[in-house]
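These notes are about the structure you will find just below.
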Amino acid sequence: LSSTVTKTVVVEGVLDANDALAQANREKFDRAGNFVINMMSSPGAGKTTLLERTLERLGDRIRIGVMEGDVQTTLDADRLERFNIPIAQVNTDPGFGGECHLDANMVRYGLPGLPLDDIDVLIIENVGNLVCPAEFKVGEDSRVMVFSVTEGEDKPLKYPLMFRSVELVLINKSDLLPHLEVDLDALNRNLDAVNPGVERILLSARTGEGVDEWCSWLESHARSGAVPLVK
Ligand SMILES: Nc1nc2c(ncn2[C@@H]2O[C@H](COP(=O)(O)OP(=O)(O)O)[C@@H](O)[C@H]2O)c(=O)[nH]1
Ligand SMILES: [Mg+2]
Numbered sequence: 554l555s556s557t558v559t560k561t562v563v564v565e566g567v568l569d570a571n572d573a574l575a576q577a578n579r580e581k582f583d584r585a586g587n588f589v590i591n592m593m594s595s596p597g598a599g600k601t602t603l604l605e606r607t608l609e610r611l612g613d614r615i616r617i618g619v620m621e622g623d624v625q626t627t628l629d630a631d632r633l634e635r636f637n638i639p640i641a642q643v644n645t646d647p648g649f650g651g652e653c654h655l656d657a658n659m660v661r662y663g664l665p666g667l668p669l670d671d672i673d674v675l676i677i678e679n680v681g682n683l684v685c686p687a688e689f690k691v692g693e694d695s696r697v698m699v700f701s702v703t704e705g706e707d708k709p710l711k712y713p714l715m716f717r718s719v720e721l722v723l724i725n726k727s728d729l730l731p732h733l734e735v736d737l738d739a740l741n742r743n744l745d746a747v748n749p750g751v752e753r754i755l756l757s758a759r760t761g762e763g764v765d766e767w768c769s770w771l772e773s774h775a776r777s778g779a780v781p782l783v784k
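The opening position of the sequence shown corresponds to residue 554 in my numbering, with each subsequent residue numbered one higher.
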């Protein structure tokens, strides 16, 4: 029993320390006028593809910056290079023990690579994982999850913390629905069971279906976050 108690105290201590650093990040973002999104999903749900579609649509309307969190490689950052936007890469393998998530300290570590004063919206692509990222605030204004229909309608029930911690679920890969047996009604019921009424948009980063709706969400939230948009 006592070892359980000790463990709980240690974990709480780690999360408290993280919260303090997240708050410091937040203050930095607020001073620079950044609206910051922590984008989370399991590996392969389509975060980077959706970022590509987003930059194609909003790249000349909003000054978007990206922080890429990965265990290894700069593959995702390389995919976004053609947009000529500020991108910071944070790899968790060297230096951070190969963690399965970004925490506030890792984000802080990546910030000097970004000209925050020249960014309206910062999108942080978290490490692909349905569990760990939800536990760590990084200083974001908003949490958005990309969930692909190929993952199955039961996942909100199996990973409730993640689904509960976000304010928007982007249900991606709608183009694949005709080939799957996933039950969208059940998925919606399961989302409501863990996060009643959570906003959701069905979209396809491949065909572009629903992507405009997501871009409108992003633009209106960036504005209501009192971010001075250019143009
Ligand atoms: N069919 C289909 N494939 C997609 C869609 N979005 C992403 N993908 C594919 O899913 C794979 C993983 O996408 P990626 O953006 O790298 O996912 P991430 O790991 O969440 O960043 C890639 O092969 C993408 O082409 C989609 O809407 N429909
Ligand atoms: Mg990616």
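In this text, a Cβ means the ideal position worked out from N, Cα and C, and glycines have one as well.
Here the structure is a predicted model, which means the values were calculated and not measured.
Asked, Found
"Neighbour-count burial assignment, A570, 16 or more Cβ in a 10 Å radius", "exposed"
"L675 versus V735: straight-line alpha-carbon distance, rounded", "33 Å"
"Residues of its chain near G612, where Cβ-Cβ distance is below 8 Å and the 5 sequence neighbours each way are ignored", "F636 and I638"
"Beta-carbon spacing of R610, V764 below 8 Å", "yes"
"Inter-residue spacing [alpha-carbon to alpha-carbon] between D707 and H732", "18 Å"
"Assigned secondary structure, V567 (DSSP; H/G/I helix, E/B strand, else coil)", "helix"
"Whole-angstrom C-beta distance between L664 and K581, which should lie under 8 Å", "7 Å"
"Ligand 1 heavy atom lying under 7 Å from the CB of D583", "no"
"For S718, the three-state DSSP class (helix, strand or coil)", "coil"
"Inter-residue spacing [alpha-carbon to alpha-carbon] between L782 and V562", "Only weak support exists for where L782 lies, its pLDDT of 44 falling under 50; the coordinates are left without a value."
"Whole-angstrom distance between L740 and T645, CA atom to CA atom", "32 Å"
"Closest by C-alpha distance to E772, when choosing among L737, F588, R606 and D656", "F588"
"Any non-hydrogen atom of ligand 2 closer than 7 Å to E605 Cβ", "no"
"Expected contact under 8 Å - CB spacing of N679 and L655 to nearest Å", "5 Å"
"Proximity of R759 and I672 at Cβ, strictly below 8 Å", "no"
"Beta-carbon proximity list for G761, same chain, < 8 Å, skipping 5 on both sides", "R606"
"Neighbourhood of S701 by C-beta distance below 6 Å, restricted to the same chain and skipping five residues each side", "A598, G599, N725 and K726"
"Collapsed DSSP secondary structure at K784 in the structure displayed", "At K784 the pLDDT is 37, less than 50, meaning the model places this residue with poor confidence; the figure from the coordinates comes in the next sentence. Coil."
"When D623, M715 and N748 are compared against A687, the one with the closest alpha-carbon", "M715"
"Pairwise C-alpha distance: E752 and E720", "6 Å"
"8 Å Cβ cutoff met for R742 and N591", "no"
"Chain-order list of residues whose beta-carbon lies under 6 Å from that of V643 (same chain, five-residue window excluded)", "G622, M659 and G663"
"Inter-residue CB distance, G681 and S769 (contact presumed, cutoff 8 Å)", "About 26 Å separates the two Cβ atoms, so there is no contact after all."
"Reduced DSSP category for E752 - H, G, I as helix; E, B as strand; rest coil", "strand"
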